[in-house]
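Reading through the structure tokens given below for one structure.
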Amino acid sequence: MSDSSIDYLTEYMKVYSERKKAEMNKTRRVIVFFSGAGFGDFIHQNVMAAALTKPLHTSVLAVFKNHPPYREFIVECNPYIHAEIKAERDSDVTIPIDWFDIGVAAPIKCPDPIWKERQFGEPDLVLLPGMLRTDAARLSGLAEAPPLFRIPPEREEPLQKNLEQRKIAPGKWFACLHLTKTAEIESQLQMIRHITGKQGGRVVIIGKPETAALTEMKGVIDLRQIPDSLPEQAAAISSARYFIGGDSGPATLASAFMSPCAVTNVRRFADRVWNKGDVVLAKKIVETEERELGTREAYEKGYLDNPLPETMEYRDNTPDELIAVADHMYELTSGCDGWRPKADEIAAEKSAKLTFPFPMRDEPLVTFWE
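Everything in the sequence shown is counted per numbering that gives the first Met the number 0, starting at 0 for the first residue and increasing by one.
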């Protein structure tokens, strides 16, 4: 090869490398529409949007109806959202299609200046709710570099002071427990007594006010009866040594904060927990002739994704099973003697593209507890 050919090839590779780098660093304008059928679903949509856009260099606009009121707070906890447009509760229209007409004579223009400033009228990608239904535990690459939600910086200190006023001292560790309506309360009470007794910790109870009432217990702080306490409950989840709950919305929030998490009495899990080491303990599934399936077998047979056949039934986890999970979480988090420090974000490998359909993993990275 001649010297001139080598020089040409060198120059070509240099230009190619620079173009590829510029393409990787190009800001992609993404609009994501959130809906969600409930608390957990809305959080899961936020997590999926964050996971899909995290490897890209993006400017992300979230569009959602601001009802129920927890929605705005959840979006504020999602650091992968850079702007938001909220529709009021009774609004029938979230975004008019005319907003995407960027001509001077467009009949309707977005009243929010950020729309024009960031050129969202010419998006590179629009994510709709139906595109965010993939279970987080099954999305390839998500568990290796999961999105990490944060309490909004301007709200962090006031919420921490609120917790301290509830006698949740920063120098003492606590477990966060979501009492579920679908599990036998006495089994959960035995686990609570074990945590406050043998483990020597405190227990912060979260959830809706209408869930099972508790008599006053030493070492237990119940946040459920405090009006509008979701932000305070979220702050507790993010600072807890570990979280234990059912397969409902609070577990999804705990996973989003990367709090060490265990879900018990599970019927489904893949949109609730996904981080490495998170624990899944399914309800016992009784087949014919009194044969019980463990969590792993129930998962492999598809019973943690689909309704059970009529010939089968669920049985709650026993107190001993719940206590064993609590002890596992206690050992897993050894060295945490006070409020849990903020988790460190794991960087995702950068990319200039998004693949459809989304690549799926063969096996979730959670721990199936037997």
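In this text, a Cβ means the ideal position worked out from N, Cα and C, and glycines have one as well.
Assuming residue i contacts residue j under a Cβ cut-off of 8 Å, what Cβ separation, rounded to an integer in Å, is found between them?
i, j, result
"H66", "A135", "Between A135 and H66 the Cβ distance is about 24 Å, and since that is not below 8 Å, they are no contact."
"Q232", "I205", "4 Å"
"N305", "K282", "Not a contact, Cβ separation roughly 14 Å."
"I167", "I220", "6 Å"
"V202", "F173", "6 Å"
"K207", "R223", "7 Å"
"K64", "S90", "7 Å"
"P128", "F32", "6 Å"
"L147", "A235", "Actually they do not touch by this definition, with Cβ atoms about 17 Å apart."
"F41", "I80", "Rounded, the Cβ-Cβ distance is 13 Å, inconsistent with contact."
"S350", "L55", "6 Å"
"G244", "H177", "3 Å"
"R137", "P363", "6 Å"
"P145", "I284", "Their Cβ separation, rounded to whole angstroms, is 29 Å, which puts P145 and I284 out of contact at 8 Å."
"P152", "C76", "Their Cβ separation, rounded to whole angstroms, is 11 Å, which puts P152 and C76 out of contact at 8 Å."
"R149", "P78", "6 Å"
Can you give me the start and stop residues for the alpha helix (DSSP H) that residue i sits inside?
i, result
"L158", "152–164"
"R339", "No alpha helix (DSSP H) contains R339, which DSSP labels as neither H nor E."
"D373", "It is not possible to answer for residue 373, since the shown part of the chain is limited to 0 through 369."
"V74", "69–75"
"S238", "229–238"
"T26", "No alpha helix (DSSP H) holds T26; DSSP gives it neither H nor E."
"I220", "Segment 219–221 is the beta strand (DSSP E) holding I220; no alpha helix (DSSP H) there."
"E116", "112–116"
Rounding to the nearest angstrom, what Cα-Cα distance links residue i and residue j in this structure?
i, j, result
"T214", "M130", "44 Å"
"L303", "A49", "25 Å"
"A82", "A61", "6 Å"
"S247", "M47", "17 Å"
"A21", "T179", "Because the pLDDT at A21 is just 48, under 50, the model does not fix this residue reliably, and the value given afterwards should be weighed accordingly. Their backbone Cα atoms lie some 50 Å apart in a straight line."
"L51", "L353", "7 Å"
"A212", "P68", "24 Å"
"T57", "Q198", "44 Å"
"L252", "T263", "15 Å"
"R266", "M311", "13 Å"
"S139", "G35", "22 Å"
"P399", "M216", "With the chain represented from 0 up to 369, any question about residue 399 goes unanswered, as that position is not in the structure."
"L280", "D336", "26 Å"
"F99", "F119", "8 Å"
"P169", "A342", "16 Å"
"L331", "D361", "25 Å"
"D111", "E286", "57 Å"
"E209", "R28", "42 Å"
So is residue i buried or exposed if we call it buried at 16+ other beta carbons inside 10 Å?
i, result
"S238", "buried"
"R70", "buried"
"I322", "buried"
"A297", "buried"
"I225", "exposed"
"A269", "buried"
"I30", "buried"
"D277", "buried"
"K115", "exposed"
"G102", "exposed"
"A255", "buried"
"G196", "exposed"
"K160", "exposed"
"M367", "Checking the sequence shown, residue 367 turns out to be Phe, not Met. With 16 or more other Cβ atoms within 10 Å, it is buried."
"K300", "exposed"
"Q355", "This sequence places Phe at residue 355; Gln is not what is there. Classification for F355: exposed."
"P340", "exposed"
"K25", "exposed"
"A325", "buried"
"A104", "exposed"
"G200", "buried"
What residue does the beta strand (DSSP E) around residue i start on, and which one ends it?
i, result
"L280", "278–281"
"E83", "82–86"
"A261", "260–265"
"G244", "241–244"
"F268", "Where F268 is concerned, there is no enclosing beta strand (DSSP E), given that its DSSP letter is neither H nor E."
"V132", "Rather than Val, the amino acid found at residue 132 in this sequence is Arg. No beta strand (DSSP E) holds R132; DSSP gives it neither H nor E."
"S58", "57–64"
"L252", "Not the beta strand (DSSP E): L252 falls in the alpha helix (DSSP H), residues 248–255."
"D126", "The sequence shown places Leu at residue 126, not Asp. Its beta strand (DSSP E) spans residues 124–126."
Q | Continuous alpha helix (DSSP H) assignments of at least 4 residues falling wholly in the region 292–368 | A | 294–299, 318–331
Q.
My parser needs the beta strand (DSSP E) runs of 3 or more residues fully inside the region 160–212; what are they?
A. 173–177, 201–205
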